[in-house]
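J.: First residue of the sequence shown: 1, per full-length UniProt numbering; consecutive thereafter.
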Amino acid sequence: MSSHNNSTAADSAAGAAANSAANSTYIPVTADHFHARLAKAEKIVAEQNLAGFLVSPGPEFQYLTGSTFSSHERATFLVLRAGKDPVAVCPETDVLTLQQENLDELGFRFEAWRDGQSPYEITRKLLEENSEHKAVAVANAMTADHVLRLDAALPNHSIELGSDAMSQLLLAKGEEEISQLAAAAAAIDRVHEQVPALLRDGVTEREVADKLHDLILQEHHSIDFIIVGCGENGANPHHSFSDRVLRTGEPVVVDLGGAFGDGYRSDSTRTYVVDGAVDKAPQEFRDAYEVVTRAFHAAREAAKPGATAESIDRAAREIITEAGYGENFSHRLGHGIGLSTHEDPFYLEGNKQQVQEGFTFSIEPGIYVEGKWGMRLEDIVVLEADGPRHLNQQPRELR
Numbered sequence: 001m002s003s004h005n006n007s008t009a010a011d012s013a014a015g016a017a018a019n020s021a022a023n024s025t026y027i028p029v030t031a032d033h034f035h036a037r038l039a040k041a042e043k044i045v046a047e048q049n050l051a052g053f054l055v056s057p058g059p060e061f062q063y064l065t066g067s068t069f070s071s072h073e074r075a076t077f078l079v080l081r082a083g084k085d086p087v088a089v090c091p092e093t094d095v096l097t098l099q100q101e102n103l104d105e106l107g108f109r110f111e112a113w114r115d116g117q118s119p120y121e122i123t124r125k126l127l128e129e130n131s132e133h134k135a136v137a138v139a140n141a142m143t144a145d146h147v148l149r150l151d152a153a154l155p156n157h158s159i160e161l162g163s164d165a166m167s168q169l170l171l172a173k174g175e176e177e178i179s180q181l182a183a184a185a186a187a188i189d190r191v192h193e194q195v196p197a198l199l200r201d202g203v204t205e206r207e208v209a210d211k212l213h214d215l216i217l218q219e220h221h222s223i224d225f226i227i228v229g230c231g232e233n234g235a236n237p238h239h240s241f242s243d244r245v246l247r248t249g250e251p252v253v254v255d256l257g258g259a260f261g262d263g264y265r266s267d268s269t270r271t272y273v274v275d276g277a278v279d280k281a282p283q284e285f286r287d288a289y290e291v292v293t294r295a296f297h298a299a300r301e302a303a304k305p306g307a308t309a310e311s312i313d314r315a316a317r318e319i320i321t322e323a324g325y326g327e328n329f330s331h332r333l334g335h336g337i338g339l340s341t342h343e344d345p346f347y348l349e350g351n352k353q354q355v356q357e358g359f360t361f362s363i364e365p366g367i368y369v370e371g372k373w374g375m376r377l378e379d380i381v382v383l384e385a386d387g388p389r390h391l392n393q394q395p396r397e398l399r
């Protein structure tokens, strides 16, 4: 996806969400939630016989602490061990920042280091305290540089990816997370509601994107990407926008996403027709859109607790393939979403992960015909006992 000026939400997005009538069930993430998440993480460390779980700044760091502290070349790790208080290994220059970003309140002990000292040696000593276990899990967001340096500092330990450990925390969302994802979806829905009025003969993709940029910020929603792809540009799934002029009856793919509240993401795509002149759009395009709509609903019907990610993808892909567009559906059906726009599980062939209640993910079949047009229909859903509940509510028909 493509960013638009890397804009951030105005002032307090969480406060805006709390004041929004549309978000009456919005649940802020509190210290109690973070304490519960840390306790669960430490329990997983014990159950998996890990010496520790190391978390560097990124989505996992934010999930456990609420801190959006940005990573840089100086190592910062959360060190989570069974039966011990959590520790933050960080540069001395960043202690005050991290204390102010919840870590002090959450009971972290700080092991600060100065330039010339080794954070990896500090981490080694922490992991060797009263632990016979040798496996160390690291968060997905940790860079290769830090992983390799840790590996060198821990000759008696084995480093493993923490995906399995974190999946028990991140995949099934809590009530507060679902409420925030719903608020993010509602905010982007309110922007999509205004899109048809912007798609007029003679304007450019860039002009539309500029207006969408302002509308998204008015929702107190940050911007991760804006896609406005008219005609042949819609055939590029990750097009951003250009100076291409829109003409009446041309298809336009509009994909919007960003963060809301405590950082939970939105991601929603609709396909429109310039001036709403659906009857002037190419017949081939209109017929293909019916195929995508059927594929969307087939995936929705296949999404039940216990189904595999690949079976949900396959349900949509078979319909598109039978219609002769199999080669034009060039991406997976969907992805998990939370504090990251794209997170596990990914809904594609070969992924036998079973989906469960509380999973939140996109359903986004598409058809892309190079040099002509493209289309995509995307909602975020939360899986419940009887199937998916849509967090996006905007109309799905062409308009």
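Note that CB positions come from ideal geometry on N, CA and C, so glycine has one too. Computed from a predicted structure; not experimentally measured.
Within its chain, find whatever has a CB closer than 6 Å to the CB of Glu250; leave out the 5 residues flanking it on each side and keep chain order.
T.: By the criterion of a C-beta distance shorter than 6 Å, Glu250 is surrounded in its chain by Cys230, Gly231 and Val274, once the five residues flanking it on both sides are discounted.
J.: For the segment 277-296 and the segment 224-244, state whether three or more C-beta atom pairs, one from each stretch, are separated by less than 8 Å.
T.: no
J.: Is the CB-CB distance between His335 and His342 below 7 Å?
T.: yes
J.: If we ignore side chains and look at the alpha-carbon of each, how far apart do Gly116 and His72 end up?
T.: 16 Å
J.: Can you name, in chain order, every residue of its own chain whose Cβ lies under 6 Å from the Cβ of Glu105, other than the five neighbours on each side?
T.: Ala31
J.: Considering only residues of the same chain and omitting the five flanking positions on each side of Ala281, which have a CB-CB separation below 8 Å?
T.: Gly249, Glu250, Pro251, Val273 and Leu398
J.: If we ignore side chains and look at the alpha-carbon of each, how far apart do Arg270 and Leu391 end up?
T.: 14 Å
J.: Secondary structure at Ser340, three-state DSSP: helix, strand or coil?
T.: coil
J.: Would you grab the beta carbon distance between Ala209 and Ile226 for me? Rounded to a whole angstrom, and I think it's under 8 Å.
T.: Beta-carbon to beta-carbon, Ala209 and Ile226 are separated by about 5 Å, close enough to satisfy the 8 Å threshold.
J.: Since Glu384 and Glu357 should fall inside the 8 Å C-beta cutoff, what is the C-beta to C-beta distance between them, to a whole number of angstroms?
T.: 6 Å
J.: With a cut-off of 8 Å, do at least 3 Cβ pairs link the segment 140-149 to the segment 43-63?
T.: The segment 140-149 makes contact with the segment 43-63: 3 or more CB pairs, one atom from each, lie closer than 8 Å.
J.: Could you check whether Gln393 and Asp214 sit closer than 7 Å to each other, using their CB atoms as the reference points?
T.: no
J.: Have a look at Asp85 and Leu148 and give me their C-alpha separation to the nearest angstrom.
T.: 26 Å
J.: Closest to Ser340 by C-alpha separation, out of Ser70, Gly263, Gln218 and Arg247, would be which residue?
T.: Of Ser70, Gly263, Gln218 and Arg247, the residue nearest in Cα terms is Gly263.
J.: Going by alpha carbons, who is nearest to His192 out of Val253, Tyr347, Pro59 and Leu161?
T.: Val253
J.: Exposed or buried, which one is His238 when buried takes at least 16 other CB atoms within 10 Å?
T.: Counting of Cβ neighbours within 10 angstroms places His238 among the exposed residues, the total staying below 16.
J.: Starting from Val138, trace the beta strand (DSSP E) both ways and give me its first and last residue.
T.: Ala135 to Val138
J.: What runs of the alpha helix (DSSP H), each 4 residues or longer, lie entirely inside the segment 202-290?
T.: 205-218
J.: Suppose you measure from the CA of Phe361 to the CA of Val79; what does that come to, to the nearest Å?
T.: 29 Å
J.: Report yes if the C-beta distance between Trp373 and Gly234 is below 7 Å; otherwise report no.
T.: yes
J.: Considering only residues of the same chain and omitting the five flanking positions on each side of Pro119, which have a CB-CB separation below 6 Å?
T.: Ala75, Val89 and Trp113
J.: Starting from Leu38, follow the beta strand (DSSP E) in both directions and report where the run begins and ends.
T.: Taken as a continuous stretch (DSSP letters only), Leu38 belongs to no beta strand (DSSP E), being part of the alpha helix (DSSP H) at Ala31 to Glu47.
J.: What's the gap between the Cα of Ser131 and the Cα of His33?
T.: 28 Å
J.: Where do the N-terminal and C-terminal ends of the alpha helix (DSSP H) with Arg317 fall, by residue?
T.: Ala309 to Glu322
J.: For Gly257, tell me which candidate among Pro196, Leu126, Glu219 and Gly174 has the shortest Cα-Cα distance.
T.: Glu219
J.: List the DSSP bridge partners of Gly52.
T.: Val136
J.: Spell out the partners DSSP gives Met375 in its beta bridges.
T.: Under DSSP, the beta-bridge partners assigned to Met375 are Ile367.
J.: Is the distance from the Cβ of Ala153 to the Cβ of Ser266 below 7 Å?
T.: In this structure, Ser266 does not lie closer than 7 Å to Ala153 by Cβ.
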